[in-house]
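So the protein lines, in turn, are chains A and B. Following our numbering, the numbering of the first sequence begins with 364 at its first residue and continues without gaps. Following our numbering, the numbering of the second sequence begins with 16 at its first residue and continues without gaps.
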Amino acid sequence: MSELKTTLAGYVTYRGREGHWSFLLHRITGLGVVLFLTIHIIDIAFVYFNPVLFMKAIEIYRSTLFGVGEIFLVFCVFYHGVNGLRIAYLDLFKPQGWHIESQRRSVRWTLVIALVLWLPSAFWMLRNLLIHNYGLFGG
Amino acid sequence: MASVSQTVRRVRVRPNYETIAWKWMRYSAFAMIPLVWGHMILQDVIVGVHRIDLDYVAMRWASLFWRVYDTLLLGFAFAHGVNGLRQVLNDFIHGERARKVMNWLLFLFWLIITLIGGTALIAGVNRAFPLS
Ligand code: HEM
Ligand code: HEM
Ligand code: HEM
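This is how it looks when you write it as structure tokens:
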């Protein structure tokens, strides 16, 4: 248990600036997406095992709470993907690129690229949510 | 940065489970960008959950292409995610025995969920099931 505390305290109190934030964000988004994916594989598998439950699950996905959650999920998948590409490219093809100054720059760019990819999707999903759940825009 | 490049040198490591897992995380990254992003943008943004139902899934899985696509998605994304989870847990669990137990539990978890997903992918939408 003390190990749990030390490691978690390190996550919070460490001051690695951009590298630290990028590590935490990659971890949190990755964990969030596996959690979603586990539930998702099971609910899609209901089309075979129990179609009635499948429709119940879809009802839940259509709620406003889940709708907002899906918008965040899309951010997680975009950020984790862009940052993961950055990590994989550097590790496999350009390990000498891992130094602090260029890291600080590439971490910021990663966030900007993820946000640019996410905003149009977020806008469209929010619009769909308002149309279907609140009857806005002539829905 | 001459001083930096001097400190980088190649070391040969005999491939073991951990080096393979490390490489898997990185190579699978390139495959998952089109697979995961494509699937998510299509289903969640363009189609949207309000238009997804049993008929929709039946229509999609009528095409072999999308079944193969979903199989690749299931294989790559879930294995990557569970190995990632293992990576995170390794930072919290240190004992040799505890790690062994953890690895087995994660393997079983991966196997069971993958089998559930795989069964549905092969069997398809169940039309015999009483819907009311
Ligand atoms: C949970 C704990 C820790 C995390 C998450 C972490 C993470 C990181 C990250 C992300 C970087 C890159 C920083 C950057 O790019 O600016 C880094 C660098 C570094 N870390 Fe850690 N670290 C941790 C603990 C430690 C500890 C305990 C030590 C040593 C006692 C340490 C020593 C260093 C050093 C020397 C660097 C080189 C970069 C620099 O000079 O800023 N770290 N660490
Ligand atoms: C979209 C494409 C994706 C790319 C390019 C990508 C890339 C990566 C890479 C390179 C790592 C290794 C990081 C490291 O060891 O420092 C990683 C870790 C991880 N990935 Fe992904 N990934 C993607 C999608 C996913 C998905 C869909 C999931 C969940 C199902 C996921 C879950 C994780 C987890 C949990 C980790 C461990 C995080 C950690 O150790 O801090 N990733 N990812
Ligand atoms: C909330 C957004 C999402 C929606 C609405 C959605 C919707 C669907 C639908 C309708 C299917 C059934 C098959 C098909 O039509 O192709 C499916 C299957 C699948 N999706 Fe998603 N998806 C979403 C996000 C994701 C993400 C982010 C991942 C990966 C990290 C993913 C991984 C999978 C997998 C692996 C399958 C196959 C499941 C099985 O074998 O039972 N999905 N998804």
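Ideal placement from N, C-alpha and C gives every residue a C-beta, glycine not left out. Note that the structure is a prediction, hence the values are computed from the model and not measured.
Taking 9 Å as the threshold, the shortest C-beta distance from B:Thr134 to chain A falls below it. Close to chain B, meaning a Cβ-Cβ distance shorter than 8 Å, are the following residues of the stretch 483 to 497 of chain A: Ser484, Trp487, Met488, Asn491, His495. When the five nearest sequence neighbours on each side are left out, the beta carbons in the same chain lying within less than 7 Å of the beta carbon of A:Trp461 are those of Leu453, in order along the chain. Counting the other CB atoms within 10 Å of its CB gives B:Gly63 a total of 16 or more, which places it among the buried residues.
With contacts defined by Cβ atoms closer than 9 Å, B:Trp76 and B:Leu130 do not form a contacting pair.
Note on geometry: alpha-carbon atoms of A:Val410 and B:Asp85 lie some 14 Å from one another. With a 10 Å radius around the Cβ and a threshold of 16 neighbouring Cβ atoms, A:His389 comes out buried.
Under the DSSP assignment, A:Tyr377 falls outside any alpha helix (DSSP H); it carries neither an H nor an E label. Closest by C-alpha distance to A:Val470, out of A:Val445, A:Arg490, A:Phe456, A:Asn413, is A:Val445. With a cut-off of 8 Å, the C-beta of A:Arg490 is classified as distant from ligand 2, since no heavy atom of the ligand falls inside that distance.
Taken atom to atom, the span from the alpha-carbon of A:Lys457 to that of B:His65 is near 44 Å.
Shown here, A:Trp461 sits in coil according to DSSP, grouped into three states, outside any helix or strand.
If you compare the alpha carbons of A:Ala420, A:Arg425, A:Thr370, A:Phe399 with that of A:Ile494, the shortest gap goes to A:Arg425. Each of B:Ile128, B:Leu89, B:Phe144 was checked against the Cα of B:His54, and the nearest Cα belongs to B:Leu89. With a cutoff of 9 Å on beta-carbon distance, B:Trp39 and B:Asn105 are scored as not near each other.
About 19 Å separates the beta carbon of A:Glu381 from that of A:Gln459, a gap too long to meet the 8 Å contact definition. The beta-carbon distance between A:Ala477 and A:Tyr442, rounded to whole angstroms, is 4 Å. This is short enough to meet the 8 Å contact definition. When distances are taken from the beta-carbon of B:Met74 to the heavy atoms of ligand 2, even the shortest one reaches 8 Å or more. Distance from the Cα of A:Thr370 is smallest, within the candidate group B:Ile127, B:Val103, B:Ala92, for B:Val103. When DSSP states are grouped into helix, strand and coil, B:Ile108 belongs to the coil group. Assignment of B:Ala77 by DSSP, reduced to helix, strand and coil, places it in the coil class. Set against 8 Å, the gap from the CB of B:Thr86 to the closest heavy atom of ligand 3 is smaller.
Taking the C-beta atoms as reference points, B:Ala94 is found nearer than 9 Å to B:Ser43. Residues of chain B whose Cβ lies closer than 7 Å to the Cβ of A:Asp454 are, in chain order, Arg41. Collapsing the DSSP output to three states places A:Arg425 in coil.
CA-to-CA, the gap between A:Glu366 and B:Ile108 works out to about 8 Å. The straight-line gap separating the alpha-carbon atoms of A:Leu482 and B:Val26 is approximately 43 Å. At the C-beta level, B:Gly96 and A:Val397 come within 9 Å of one another.
Taking the CA atoms as reference points, A:Thr392 sits about 32 Å from A:Phe500.
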